[in-house]
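Working notes, structure below.
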DNA sequence: AAAATACAAGTTGTATACAGAAAAGAATCG
DNA sequence: CGATTCTTTTCTGTATACAACTTGTATTTT
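Residue numbers (UniProt numbering), protein chains in the order written: chain A, 1 to 236; chain B, 1 to 236.
If you want it as structure tokens, here you go:
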């Protein structure tokens with residue numbers, strides 16, 4: 001078979017995207033051209049073209065005469081994210097409700113099936129990727145070339161933020177995830193019905209849920225230990 | 001001097017951007033790698049990297065085993081554009097009013113100076129580029145990484161749409177352009193005052209002006225000639 | 001001993017040569 | 001004469017070799 005080169009390039013691309021979305025490659029990580037060349041049986045020329053493209057989509061940052069690096073998440077990221085996300089996502093879902101085709105709706109339902117499966121049995125990575133696929137499908141539906149660049153950029157960090165803040169296992173988290181799943185179902189229904197207003201409202205709800213979850217993680221309940229009494233130390 | 005390679009790459013990039021924004025390279029035009037290589041004294045390797053980057057920013061479309069081509073403007077473009085632009089631009093100006101630094105405001109004023117100069121003496125291309133520079137400066141001010149990809153994509157087609165629809169010389173057009181210039185001044189004032197609401201309102205006004213202008217061009221006043229009488233033909 | 005400079009190793013950027021895919025043209029067949 | 005297939009040409013994609021730059025280390029100088 002001749003999946004030589006052309007498909008190995010696609011493989012590399014997919015590998016990098018998944019690794020970045022799941023934080024296997026953490027923000028700020030330097031990428032080694034030589035090493036990746038070996039691993040994927042590609043010369044540096046096509047590899048560097050992949051880098052350029054991923055940089056354009058927001059996965060990587062390129063600096064001249066320095067190695068490519070996974071795009072950073074700074075301390076202002078969350079703020080910027082939650083400023084932009086409700087607006088862009090609301091617009092995307094509104095347009096999706098207007099324009100979705102039968103095929104696209106079926107794709108969306110498939111993605112939601114996969115998301116539910118990942119909720120029950122999958123890892124945090126599987127969940128993040130399935131969720132990413134779901135939202136990406138809504139972007140496809142919107143069909144507006146001017147919205148998609150920002151929307152796709154948001155989805156990258158949506159996945160990464162999710163991997164960061166949804167890790168800790170807790171009853172609360174599980175509850176939130178099934179709430180998210182229910183919202184997905186409602187989004188599908190609104191799109192199928194062509195109900196723009198409902199879709200836009202659901203977008204807002206969906207992001208608010210994310211924000212609440214992150215607030216809980218960033219500002220956890222304080223440890224309930226009176227002053228002057230040191231935390232229990234384990235016996236040697 | 002050693003502006004070898006590194007700066008020639010930047011030159012090529014700038015050349016392509018300007019040519020595309022001003023429609024010197026029309027939507028759908030095929031780009032010849034060999035020819036551009038010669039013209040800019042670059043080998044095909046860095047040239048193709050530039051292509052990849054410009055494709056990421058929305059200037060070009062890449063198709064495998066076919067030449068790179070200037071990104072198309074379809075008949076749905078205008079609709080998509082005016083759906084997305086007021087929202088994104090409103091958000092950008094709102095954030096600009098929040099976050100603009102002294103330096104950025106000075107840059108914006110410089111851009112507006114250049115725009116006014118282009119209005120009086122410059123060509124349509126100069127006007128489009130100066131206007132592009134002005135709006136790009138507002139994008140810089142907003143400082144939100146998630147908004148900029150779509151905003152920049154909008155600016156590309158804003159310039160191209162402007163080149164298409166503002167060409168015909170008429171009193172009406174000139175009037176609209178000075179109105180646009182006045183709006184620019186008001187935008188600067190709103191940003192300098194940190195007045196978010198005013199900035200957002202001005203964004204809406206600014207796009208409405210564009211839309212009106214395009215409507216006039218697309219749906220001109222009908223020729224006022226009674227049926228059966230052919231239009232006046234010039235004497236040879 | 002601290003700082004500065006020079007050197008060396010490793011990595012990024014570019015050019016060229018080659019392999020593979022479309023497109024254009026020539027020859028053959030109906 | 002028209003259509004189709006095969007050949008030739010042209011252009012895109014990849015690999016390799018080389019040049020330029022960064023960085024870490026060692027040496028020299030004050």
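For each residue, glycine too, the CB sits at the ideal point set by N, CA and C.
Backbone secondary structure at residue 1 of chain B - three-state DSSP: Confidence in residue 1 of chain B is poor, its pLDDT being 39 and thus under 50, which makes the residue's placement too unreliable to answer from.
Determine whether the Cβ of residue 83 of chain A lies closer than 8 Å to any Cβ atom of chain B. Chain B, which has a Cβ nearer than 8 Å to the Cβ of residue 83 of chain A, makes this yes.
For chain B, find out if any of its Cβ atoms is closer than 8 Å to the Cβ of residue 145 of chain A; answer yes or no. Chain B contact via Cβ: present.
Taking CB distances under 8 Å as the criterion, tell me whether residue 61 of chain A reaches chain B. So no, residue 61 of chain A is outside the interface.
How would you list, in chain order, the residues of chain B whose beta-carbon sits under 7 Å from the beta-carbon of residue 45 of chain A? Chain B residues near residue 45 of chain A: 45.
Given a limit of 7 Å on CB to CB distance, which residues of the segment 202-218 of chain B reach chain A? The residues in question: there are none.
Tell me whether the beta-carbon of residue 108 of chain B lies closer than 8 Å to the beta-carbon of residue 128 of chain B. Taking 8 Å as the Cβ cut-off, residue 108 of chain B and residue 128 of chain B do not qualify as a contacting pair.
Whole angstroms is fine: what's the gap from residue 59 of chain A's alpha carbon to residue 166 of chain A's? Each residue's alpha carbon lies about 21 Å from the other.
Just the C-alpha distance for residue 79 of chain A and residue 224 of chain B, rounded to the nearest angstrom, thanks. Just so you know, the alpha carbons of residue 79 of chain A and residue 224 of chain B end up roughly 57 Å apart.
Bridge partners of residue 69 of chain B, per DSSP? B/30 and B/61, per the DSSP bridge assignment.
Alpha carbon to alpha carbon, how far is residue 87 of chain A from residue 184 of chain B? Taking the straight line from one Cα to the other gives about 25 Å.
As assigned by DSSP and simplified to three states, the class of residue 37 of chain B: In the structure shown, residue 37 of chain B sits in a helix (DSSP, three-state: H, G or I).
Could you give the DSSP three-state label for residue 16 of chain B: helix, strand or coil? Helix, per DSSP.
Under DSSP, the alpha helix (DSSP H) around residue 144 of chain B begins and ends at which residues? For residue 144 of chain B, there is no enclosing alpha helix (DSSP H), as DSSP marks it with neither H nor E.
If we count the other Cβ atoms within 10 Å of its Cβ and call it buried at 16 or more, is residue 43 of chain A buried or exposed? By the 16-neighbour rule on beta-carbons within 10 angstroms, residue 43 of chain A is exposed.
Residue 153 of chain A, DSSP secondary structure in three states: It is helical.
Please list the terminal residues of the continuous alpha helix (DSSP H) segment that includes residue 84 of chain A. Residues 77-99.
For the pair the segment 100-116 of chain A and the segment 108-124 of chain B, tell me if three or more CB-CB distances fall below 8 Å. Flag = no, the segment 100-116 of chain A and the segment 108-124 of chain B do not touch.
In angstroms with no decimal places, state the Cα-to-Cα distance between residue 220 of chain B and residue 162 of chain B. Distance between the alpha carbons of residue 220 of chain B and residue 162 of chain B is about 17 Å.
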